[in-house]
Structures are given as structure tokens and as C-alpha cells.
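A.B. asks: Mind having a look at this structure? Questions to follow.
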């Protein structure tokens, strides 16, 4: 009677501990960094604090780009790697949560044994060989009294959310790179077209100078200069075409296609879109919510704090409820007959009383990892703010450059017309015409470079603000 009372009391105490079990180790308490919520780089005439547009690429109104974005979102290899990592993290989370459940296994045995004749005779037994058959089921259930399993699941949850944020980061980077590669290629197409057109104009001019030279109306110097300008302009085309091919190749790979897949589709020259008058950038504080890299760092910090609890739980005893049931017999056919059943039920306590400081050393290591994760998170937040401010100021400055270059090109075109008129009137030599045309070519090329840069820097701004990954998640 005393035996049962004691064990009943023990069971009652264990049940109370289990129901009121605590989770050792520190609780994670996220803290939002403090910083100015208004932008320091945005100009009122360029940006607005409206929410960042999710499908920002649609402002360019380019159906081909839209189709490339859609394909990249589902076929890009980096995105697929990130998606697989999410599946892995989800599976690891399930594995950790299995610690809440009993562990059950089954076994079967069959053996024939014989003992020593000397041993059997000395004990008065028989040395006859005998068979033993058995089947059994075993169960063991660890009661998570000190929260080691709960902390492990907490860490797994945080790492799963971190993997999901990594997927978002891969999606964001891919969509931005698709848009940048696409418009880099479009800009290079325009530069090739401008250079080829200027080469044709210079060739016509050279033909005219050659005719005048043959008639004694133009000098050898004018003829040589005209030929040189024509050849130098032609020399720029191969490098531009090589850069164009490289951009198209890169775009194809981003879409999960072979490098040559888009060459025919990207042959047609299309104008570069004009950048929007106002760009919605939201508030600076939105970066903490939108930027995937900030989410990754914050979730890793949360996981590292939970890891401290996992290791701290190793200092405390572990309580198990164990049991098994089965059947044993000397004849296989008797395994399921009456009287062959066997069973046991009990409890087990394991407590690492002395480990030479190994457990406490691991706890200190987890604390150091958590401190490093906190510093990394704070650095990521600062870097995200810097990225956004830098992208904002670069885009704004590029718009100013583009406007000034546009005015400069108009002036250069007028200069070419005036130089040709003066040359035809005999008031200037052809050197002034060549100089004016060369300056126009350089200005037009600079303008296209700036037009391309304004678009790619706008894309970089949207990426720095963390816009784009939600669109595909919402349509999955």
C-alpha cells in the first residue's frame, strides 16, 4: 500500500510539473531601433511618402518586361534554391516538434540457444537447446518540464521564418536584376542605333569632302579628319554589341533559360520609358517591415535567443514515462496464446550531475552567438537605411543629370546645323563641322547612358525599399 501511495504521489508531482512546466532561458523581446522616420535624401518634387508600390515594374508599361518578371518569379534558379530551403526549414521544424510526442517502436525476435553441459549439470538443469520467440512494442515519452523542446521548436519557428524571408530576398533581388538587365539591354540597343546612325552621317560627310577634295575645294587635312572620325565611330560599335549580347545572356539566365534563348525576341529596338514624376517611397520605418534582409537578421536573433534556452535545459533533469508490451513463447505458434503476454510500465529520470563544465560552456557559447546576432541585426538595419537613402539620392541626382543632358543635346544639334551652314557658306572650314558632330555624338550617347541609368537606379531604389516580393507571394 505504501508503494502505491509513493508512486501515486510521484506521478501527481510529475503531472503538476508537466502542466505548469516552465521554459528556462531568456524570452525573446524584439525591440525596434530608434531613428528619424522622415527621409533626408528625398526631394518633395521627386518622392512621396505614399506606400511603396508592390508591382513597381508595371509603371514602365512594357508587356514583354512583365512576362519576363512572371517567368523569373517561378523559374529563376536562385528562387528555386530559396524555395527548397524553406521546405527544408519546415521539415526541421516538424522534426523538432516531434519531441512533444511519445516515441513508439516495435520489435520482433526469434533465436535458438544452448548452454554449457557443465553449467547445466551443476545447476541440475538440462542442456537441451531451446527456442525463444517474441514480439514487443516499446514507448518512451519525455515530459518537457523545463522547456527544452519548446525552446527548440521556438528556434525552429524563427529559422523557418528566416528561410521564408530568404526566399523573399531571392525573389526581390531576382525581379530587380531582371528589370536592370532588361533596360541595360534596351539602352545599349539605343546606343548602338545612335552610333550606327552617326557613322552613316559621317560617311555621307566623308563622301562629300572626298568629292570636294577631288575638285580642289577641300584640303587633304579635311579629308583625313573626316575619314578618321568615321573609322573611330565604327570602332565603337563592336564593343557596344558585345555589352548588349552580355546583357541579353544575363537576362536569359535570370529567367532560367539558356543564354541564347532571348536573342531573337530582344532584337527589336524599343524606346526607354520616362521615369515617373513622383516615386512613392513610404516611411523610413517601413524598411524594418519590408526589407527581407532585416527580417532574416531579426529572425536569426530570435533563434539564437531560443538556442540559449535549449542549452540551459540540459542543466536540469529529464523525466521519461516508459513502457512496453508484447508476447514471448518457446514455440512460435504460442505467441498469441493465453499466458504469453509480457508488459512493463515505469518512469525514468536522467540528470547530468557532472559534465566538467561542458554544458555551461555551451550556454556561454550560445549567449555569445546571440550577442553577435544582435550586432548583426543592428548592422543590417543601419545598412538598409543607408542603402535606401543612397538609392534615393542617386536616383534624384540622375534625374537632374538627365534633364541637363537633354538640354545639352538640343543645343549640340543646333550647333551642328549652324556649323554646316557656315561651312556651306565658306565661312568656316570642315573642322568645325566635324567637331560639332563629334560633340553631338558624345552628348547623345551620354544622354542615353543617363536615361538608362535613371531607370536602373529607380529599380535599385525600389529594391532598397523592399518592394516587389509580395506580388508573387500573393499570386502563388
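Numbering (this note's numbering), first residue to last: 1 to 476.
Beta carbons are placed, not taken as given, at the ideal position from N, Cα and C, and that holds for glycine.
1) Excluding sequence positions up to five away, which residues of its chain have a Cβ less than 6 Å from the Cβ of residue 322?
2) How long is the line joining the alpha carbons of residue 73 and residue 167, rounded to whole angstroms?
3) Which whole-angstrom value describes the C-beta separation of residue 405 and residue 446, a residue pair presumed to lie in contact below a C-beta threshold of 8 Å?
4) If I'm right that residue 477 touches residue 99 with Cβ under 8 Å, what's the distance once you round it to whole angstroms?
5) With a floor of 4 residues, list each alpha helix (DSSP H) that falls wholly inside the stretch 99-180, ordered by position along the chain.
6) Going by Cα to Cα distance, which pick from 314, 63, 61, 268 is closest to residue 147?
7) Buried or exposed: where does residue 343 fall if 16 or more other Cβ atoms within 10 Å of its Cβ makes it buried?
8) Suppose contacts are defined by Cβ-Cβ distances below 9 Å. Is residue 180 in contact with residue 466 by that definition?
9) Using three-state DSSP, classify residue 56 as helix, strand or coil.
10) What did DSSP end up calling residue 221 once you bin it into helix, strand or coil?
11) May I have the straight-line CA-CA distance separating residue 177 from residue 254, to the nearest angstrom?
12) For residue 221, tell me which candidate among 319, 209, 58 has the shortest Cα-Cα distance.
13) Let me confirm a value: residue 456 is counted as buried when at least 16 other C-beta atoms fall within 10 Å, else exposed. Which label applies?
14) Can you give me the Cβ contacts of residue 50 inside the same chain, cut-off strictly under 6 Å, excluding the 5 residues immediately before and after it?
15) Does any residue of chain D have a CB that is nearer than 9 Å to the CB of residue 409?
16) By DSSP's criteria, residue 388 is part of a beta bridge. Which residues make up the other side?
17) Helix, strand or coil: how does DSSP classify residue 280 here?
18) If I follow the unbroken beta strand (DSSP E) through residue 458, where does it start and stop?
19) Using CA coordinates, which residue listed in 163, 67, 149, 68 is at the minimum distance from residue 84?
C.D. replies: Looking at the coordinates:
1) Taken in chain order, the residues that qualify are 140, 346, 348.
2) 11 Å
3) 6 Å
4) Only positions 1 to 476 of the chain appear in the structure, and residue 477 is not among them; the question remains open.
5) With a minimum length of 4 residues, the continuous alpha helix (DSSP H) runs that stay inside the stretch 99-180 are 117-122.
6) 314
7) By the neighbour-count rule (16 or more Cβ atoms within 10 Å), residue 343 is not buried but exposed.
8) no
9) Here residue 56 sits in helix by DSSP.
10) helix
11) 8 Å
12) 209
13) buried
14) 280
15) Annotation note: the requested chain D is absent from the structure, which comprises a single protein chain.
16) Per DSSP, none; premise fails for residue 388.
17) strand
18) Segment 430-464 is the alpha helix (DSSP H) holding residue 458; no beta strand (DSSP E) there.
19) 163
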